[in-house]
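Read the structure below first, then the notes.
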Amino acid sequence: MLIVQIEGNVKHPITLDPTVWIFDDRKVLLDDAFKNEDSNLNGASADKDTPFNRDQYQQQINPPINESIKRFDKKKVLENSYLMPLSYFLPNSEPNEDAAKAILHTDDDSVEINFTQLENSYLLFALKGKPLTEDGPVHLYFGDGSNQSNPIKNVKKISVV
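Following UniProt numbering, the numbering of the sequence shown begins with 1 at its first residue and continues without gaps.
Written out as structure tokens, the structure reads:
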């Protein structure tokens, strides 16, 4: 299955389906993600001082979907590799205030990272326009690009602790 679960020390466990992100305007080109370190996720999490309000968010939800296909020709979409900032989805699970770490469950083992790293991470979901079927469903890249050459692969579940 090509889904990723976020569970653990959260109010609402959620399931992500990376296969539909190819149509989402929030995706980031892998080639562009780590070029300018100052703007990695600052745009996605600029309102970090504003508390998350689930009811308000759900009333205003209007996912930016399908516009990207209109702007890019289909050939270009199928040739590029894409990342999705995890900061778009993590607030939906409403992590508890005492969340300090995250455990990334993969096929082989599990990797523990701090919660701040998780908040600032990207998930690679498409390589050359195709879903990551062999070593996916996603690869996790830290927001600072420090693991660019060695991302955490086969991430199937994220447990917040």
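In this text, a Cβ means the ideal position worked out from N, Cα and C, and glycines have one as well.
Own chain residues within Cβ distance below 7 Å of residue 159, not counting five before or after: Correct list, in chain order: 7, 8, 102, 103, 105.
Neighbour-count burial assignment, residue 29, 16 or more Cβ in a 10 Å radius: Around the C-beta of residue 29, fewer than 16 other C-beta atoms lie within 10 Å, and the residue is accordingly described as exposed.
Label residue 134 either buried or exposed according to how many other C-beta atoms from any shown protein chain fall within 10 Å of its C-beta, with 16 as the threshold for buried. Label assigned to residue 134: exposed.
Is the shortest distance between the beta-carbon of residue 133 and the beta-carbons of chain C less than 7 Å? Structure shown: chain C not included; a single protein chain is present.
Would a C-beta distance cut-off of 7 Å place residue 10 and residue 94 closer than the cut-off? Yes, the Cβ-Cβ distance between residue 10 and residue 94 is below 7 Å.
Distance check for residue 5 and residue 157, CA to CA, integer angstroms please. 5 Å
Can you grab the Cα-Cα spacing for the pair residue 148 / residue 142, in whole Å? Each residue's CA atom was taken as its position, placing residue 148 and residue 142 some 8 Å apart.
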